[in-house]
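Novice:
There are 4 protein chains.
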Amino acid sequence: GEPLRIAGQAFTSRLVMGTGGAGNLNILESALRASGTQLTTVAMRRIDPAAGGGLIDVLNRVGVQVLPNTAGCRTAREALLTARLARELLGTSWVKLEVVADDDTLLPDAGELLDAAGQLVDDGFTVLAYTNDDPVLALRLENAGCAAVMPLGAPIGTGLGVLNPHNIALIAQRASVPIILDAGVGTASDAALAMELGCDGVLLATAVTRAQDPARMAVAMRLAVQAGHAARLAGRIPKRERALASSTPVGLAEFGDRS
Amino acid sequence: GEPLRIAGQAFTSRLVMGTGGAGNLNILESALRASGTQLTTVAMRRIDPAAGGGLIDVLNRVGVQVLPNTAGCRTAREALLTARLARELLGTSWVKLEVVADDDTLLPDAGELLDAAGQLVDDGFTVLAYTNDDPVLALRLENAGCAAVMPLGAPIGTGLGVLNPHNIALIAQRASVPIILDAGVGTASDAALAMELGCDGVLLATAVTRAQDPARMAVAMRLAVQAGHAARLAGRIPKRERALASSTPVGLAEFGDRS
Amino acid sequence: GEPLRIAGQAFTSRLVMGTGGAGNLNILESALRASGTQLTTVAMRRIDPAAGGGLIDVLNRVGVQVLPNTAGCRTAREALLTARLARELLGTSWVKLEVVADDDTLLPDAGELLDAAGQLVDDGFTVLAYTNDDPVLALRLENAGCAAVMPLGAPIGTGLGVLNPHNIALIAQRASVPIILDAGVGTASDAALAMELGCDGVLLATAVTRAQDPARMAVAMRLAVQAGHAARLAGRIPKRERALASSTPVGLAEFGDRS
Amino acid sequence: GEPLRIAGQAFTSRLVMGTGGAGNLNILESALRASGTQLTTVAMRRIDPAAGGGLIDVLNRVGVQVLPNTAGCRTAREALLTARLARELLGTSWVKLEVVADDDTLLPDAGELLDAAGQLVDDGFTVLAYTNDDPVLALRLENAGCAAVMPLGAPIGTGLGVLNPHNIALIAQRASVPIILDAGVGTASDAALAMELGCDGVLLATAVTRAQDPARMAVAMRLAVQAGHAARLAGRIPKRERALASSTPVGLAEFGDRS
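Residue numbers (the numbering used here), protein chains in the order written: chain V, 3 to 261; chain D, 3 to 261; chain S, 3 to 261; chain P, 3 to 261.
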């Protein structure tokens, strides 16, 4: 299929991985490899530039593009500072923008998020914005110049799946930039559903890193994203209220029934 | 992963395909190939032994095992006759047993189904029984000697997915024979969910054959079944009501956050 | 509205109550009164004819019709014996027929249930049959002469609501006798939904008797059943994928908007 | 039960009605009476002060408090102007604040809405704010001084019910002002569910005015809101994965079973 294109860059994998929650770096590395991801987020507040080895080495070894995020930021100002620090340290102008309202829900703050997005775009960043599932805000973020919009399926770390498929489908329908479902995915069918709703990719971390067998779950997620994407493109059958036996086309009397 | 074992026979693919609903045999053939299936159902009432070419040739060419079904049968007696005819014509003692109550719902008739299963087992058949999602009936069919039990997710041809995940999970939990979700699958996430609920395989036909692009949907279903199976084995994270940021294990200060 | 008619008898209340699970008889009595029920089930195995006072006295005092049930029976034979004992002891030929497959799921056994129903009808009983949500079995029970068919929303005592609304709606649509949702109701919206799906009544016990405030929950259930029934009769608006502002009819320029 | 208190004023009815969508004023009047509502919204853009008779007369006759809304406004500025006009014309400082992003989705614009809420509060209005189901924005509106927060269940006029119960429950849990579910209700069980999730009231219009029998649906909604509220206060039973027969308390051997 077509690659995912963000800001002109092509990714054959539509699964973006996060790095939080893994028991250790070996587990993380094997999960990242199994996932097939080409883009992986890293929280800036956890990067220690002085430390040798560590997370960034793993990502380099796996060969994925590093996407710094602004996790933990509560205001546009904090997010801007964090993004600039990331640009300096990691040499990338890409940033996953997170501005959350509180530590309890980890839900985005619409106002600060939109402010931050505008400022980061003005400052030359390629912004992938983590947001709630409000279709209006999604469009505002796109109009502010975000390279991708990343609505949540459910709050971070809950594994509740896509709580409001109606909103996600509406967001995807109206978008001109890639929509990547971010947060809430708990299992493979959640990821497949997100793609079927029209998302262009899925971002997840704990669903893999905290699974009992992270590498195997990474495989599951890789396959699920591909499955959901293919199903979307294949054009599913309509839902029907009544049963329907398949019928035999004329001239094909030997042809099999639904079975 | 482990192959699916039915009556001692191993299948590396856990996707069982039906043959009904395709526009023509070429479309069917490419869909079957794309699905990776190794076991494919055929309705006996549509087999014309005198006809050359046709459906059976396709299945032989693709190299899948033929599983005759008793679609259209309304009584145990009809099912028994049909199964015997199939055994003679196709040289297989495997049969997918369908005994439906009426043409409107195509729902199984519990009583006739159980009778038929017992008689077929006594007659030496390897019986894969299509049933509703009643956990009691599923166990009765297993006890009657069925080699696999195939509960519906939703009525045939509806594409409504798994209407009662609670029942499917309970059936899978209590079974000692393979449970294969049969009927109702509309898209990839439905198939993945069925596997996550504990099913050992998925059988579908119209979701692929009547999709806008059958071969691509066949790929989607192949991947989705693998994804759901891997996710099941990987041990998903528990669902949580509250958000959870990933935390940093001690000694890994440079380690990435959820992101 | 129209009363509920079962076997020619009219009930203005469409809420049938069970009596299990209450902390004591006073709590039960106040809950029954608050529910407005006119028909209440009693498990025969718990009736001690020699005991004075007790459950039956409460029901007489509240003025509800006693509906003995065959809870705990596992075979048609047991159910028949229990029903006959009830007829003798309580002087009623009405019986709520329960034949469950095991104590773990408390799910009905389709075969034994249908046998028992036929035998009880032949023996002159007015049979209200507790069943699973299989639309085929529901019709078979009606054809066997049952005066009412009582499909479950979810297994007894789970409070999971209506797990398969599709099946319940189909059962109600095809029935010529009253359909009473039995088991699974956990809260008021479940009861309302059951009625909206086309049920003629709702039977519940633990949702009320084990609630923190049974009498208040009984009020909730009474209102919910009425609400769902009225909503069904009122003809709900269709579901729409897209928003719709209300428009102003011509000549009513001063008329209010959706608001 | 306790009355609903908004800005110090008590309402015994927790059902707020809208006036849009009715076929004519007679139908509307009978529906309003049947609903038992004490608070009813009116779109300012449809009020013609010069017109005799009409909508306001109906509301006065029914004896409900008029709640002007700012339907159709797209900016804080428009909303402020509309609210002031309403205050002048109708002599009330209460306003239901609506600021929508576009006519297609009728979804609130978070930024403009929050701005408008602050300005209206500063100008002495009692503001009931229609919002999306974002828990962060709900809290921001409360902090801005809104007297009530009114999250949507689903987009206006869709009748899709409560698309994201998780969010509505979270909003209700964290609020110190009344939460009134607004928009999306299609039938009685939706209204009951909203109350069970912790809402203090429900606002609806087209679910009643466009029903086939508006007055009967108004009755259904009145009962459903009461039912859901009572169920919430009564403390529902927990959901269980496994069946549970009721047991007999010691010393109550004659006591009835779940039945």
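Every residue, glycine too, gets a C-beta built ideally from N, C-alpha and C.
Owing to the predicted nature of the structure, the values given are computational and were not obtained by experimental measurement.
Distance check for residue 208 of chain P and residue 302 of chain V, CA to CA, integer angstroms please.
Specialist: Only positions 3 to 261 of chain V appear in this structure, which leaves residue 302 of chain V out of reach.
Novice: First and last residue of the alpha helix (DSSP H) that includes residue 145 of chain V?
Specialist: Run containing residue 145 of chain V: 137 to 145, per the alpha helix (DSSP H) assignment.
Novice: Report the residue from V:18, V:38, V:35 and V:37 whose alpha carbon sits nearest the alpha carbon of residue 44 of chain V.
Specialist: For the residues V:18, V:38, V:35 and V:37, the minimum Cα distance to residue 44 of chain V belongs to V:18.
Novice: Listed from N- to C-terminal order along the chain, which residues in the segment 191 to 221 of chain D have their beta-carbon within a distance smaller than 9 Å of any beta-carbon of chain V?
Specialist: Listed by position, the residues of the segment 191 to 221 of chain D near chain V (Cβ gap below 9 Å) are 191, 192, 193, 194, 195, 196, 197, 198, 205, 207, 208, 209, 210, 211, 212, 213, 214, 215, 216, 217, 218, 219, 220 and 221.
Novice: Anything in chain P within Cβ reach of residue 150 of chain S, meaning under 9 Å, just list it in chain order.
Specialist: Residues of chain P passing the Cβ test: none, with the nearest at roughly 15 Å.
Novice: Please tell me whether residue 97 of chain P and residue 61 of chain P are closer than 8 Å, where the distance is taken between their beta carbons.
Specialist: Their beta carbons are not under 8 Å apart, which means residue 97 of chain P does not touch residue 61 of chain P by this criterion.
Novice: Answer with yes or no whether the minimum CB distance from residue 269 of chain D to chain V is below 8 Å.
Specialist: Absent from the model: residue 269 of chain D. The displayed extent of chain D is 3 to 261, so no value can be given.
Novice: Would you check if there are 3 or more beta carbon pairs closer than 8 Å linking the segment 15 to 32 of chain S to the segment 197 to 217 of chain S?
Specialist: The answer is yes - the segment 197 to 217 of chain S touches the segment 15 to 32 of chain S, with three or more Cβ pairs under 8 Å.
Novice: Take the Cβ of residue 214 of chain D as the centre, count every other Cβ of all protein chains shown within 10 Å, and call the residue buried at 16 or more, exposed below.
Specialist: Residue 214 of chain D is exposed by the Cβ-count criterion.
Novice: Starting from residue 157 of chain P, find everything on chain S with Cβ-Cβ shorter than 7 Å and list it in chain order.
Specialist: Going along chain S in sequence order, the residues near residue 157 of chain P (Cβ under 7 Å) are 245.
Novice: From D:67, D:66 and D:82, pick the residue whose C-alpha is nearest to that of residue 73 of chain D; which is it?
Specialist: Cα-wise, what sits closest to residue 73 of chain D is D:82.
Novice: Check each residue of the segment 117 to 139 of chain D: if its Cβ is closer than 7 Å to any Cβ of chain S, include it; give the result in chain order.
Specialist: Against chain S - using a Cβ distance shorter than 7 Å - the residues of the segment 117 to 139 of chain D are 134, 136, 137, 138 and 139.
Novice: Excluding sequence positions up to five away, which residues of its chain have a Cβ less than 6 Å from the Cβ of residue 112 of chain P?
Specialist: Correct list, in chain order: 139.
Novice: Name the chain V residues that come within less than 8 Å of residue 242 of chain D, Cβ to Cβ?
Specialist: Ordered by position in chain V, the residues that pass the 8 Å Cβ test against residue 242 of chain D are 159, 160, 161 and 162.
Novice: What three-state label does DSSP hand residue 71 of chain V in the structure shown?
Specialist: Residue state, collapsed to three classes: strand.
Novice: If you pair each beta-carbon of the segment 123 to 133 of chain P with each one of the segment 115 to 129 of chain V, do three or more pairs fall below 8 Å?
Specialist: The answer is no - the segment 115 to 129 of chain V does not touch the segment 123 to 133 of chain P, with fewer than three Cβ pairs under 8 Å.
Novice: Could you check whether the Cβ of residue 232 of chain S sits closer than 8 Å to any Cβ belonging to chain P?
Specialist: Yes, residue 232 of chain S counts as interfacial toward chain P.
Novice: Whose Cβ in chain P lies nearer than 9 Å to the Cβ of residue 107 of chain S?
Specialist: Simply 244 and 245.
Novice: Give every residue of the same chain whose Cβ lies closer than 8 Å to the Cβ of residue 221 of chain V, excluding the five residues on either side of it in the sequence, and list them in chain order.
Specialist: Hits under 8 Å: 36 and 37.
Novice: Which of helix, strand or coil does DSSP assign to residue 11 of chain D?
Specialist: Three-state DSSP puts residue 11 of chain D in a strand.
Novice: Can you have a look at residue 184 of chain S and say buried or exposed, based on whether 16 or more other CB atoms are within 10 angstroms of its CB?
Specialist: Buried, since its Cβ has 16 or more Cβ neighbours within 10 Å.
Novice: Out of curiosity, what's the CA-to-CA distance linking residue 247 of chain P and residue 108 of chain S?
Specialist: So the alpha carbons of these two residues sit roughly 8 Å apart.
Novice: In this structure, does DSSP put residue 192 of chain D in helix, strand or coil?
Specialist: Helix at residue 192 of chain D.
Novice: Who are residue 181 of chain S's beta bridge partners in DSSP?
Specialist: DSSP, once it has assigned bridges, lists S:151 as partnering residue 181 of chain S.
Novice: What residues match up with residue 203 of chain V in a beta bridge as DSSP calls it?
Specialist: Residue 203 of chain V is bridged to V:182.
Novice: Hey, quick one: how far does the beta strand (DSSP E) through residue 66 of chain P stretch, first residue to last?
Specialist: It is not in any beta strand (DSSP E) - residue 66 of chain P carries neither H nor E in the DSSP assignment.
Novice: Please confirm if residue 238 of chain D has its CB atom under 8 Å from at least one CB of chain V.
Specialist: True, the Cβ-Cβ gap to chain V drops below 8 Å.
Novice: For the candidate residues S:180, S:167 and S:39, whose alpha-carbon lies nearest to that of residue 151 of chain S?
Specialist: Nearest C-alpha to residue 151 of chain S: S:180.
Novice: Is the Cβ of residue 189 of chain S closer than 8 Å to any Cβ of chain P?
Specialist: With 8 Å as the cut-off, residue 189 of chain S counts as an interface residue toward chain P.
Novice: Classify residue 45 of chain V as helix, strand or coil using the three-state DSSP reduction.
Specialist: Residue 45 of chain V falls in the strand class under three-state DSSP.
Novice: For residue 242 of chain P, which residues of its own chain have a beta-carbon under 6 Å away from its beta-carbon, when the five flanking residues on both sides are left out?
Specialist: Closer than 6 Å at the Cβ level, and outside the excluded window around residue 242 of chain P, lies no residue.
Novice: Can you find the residues in the same chain that come closer than 6 Å, C-beta to C-beta, to residue 201 of chain V, ignoring five residues on each side of it along the sequence?
Specialist: Within the same chain, residue 201 of chain V has close Cβ partners 174, 181 and 183.
Novice: Determine the burial state of residue 191 of chain V: buried for a count of at least 16 other Cβ atoms within 10 Å of its Cβ, exposed for fewer.
Specialist: It counts as buried.
Novice: Measuring alpha carbon to alpha carbon, tell me which of V:90, V:84, V:32 and V:99 ends up nearest residue 66 of chain V.
Specialist: The candidate whose alpha carbon is nearest that of residue 66 of chain V is V:32.
Novice: Going along the segment 51 to 80 of chain D in order, which residues come within less than 9 Å of chain S, judged by CB to CB distance?
Specialist: The residues in question: there are none.
Novice: Residue 14 of chain S: buried (16+ other C-beta within 10 angstroms of its C-beta) or exposed?
Specialist: Label assigned to residue 14 of chain S: exposed.
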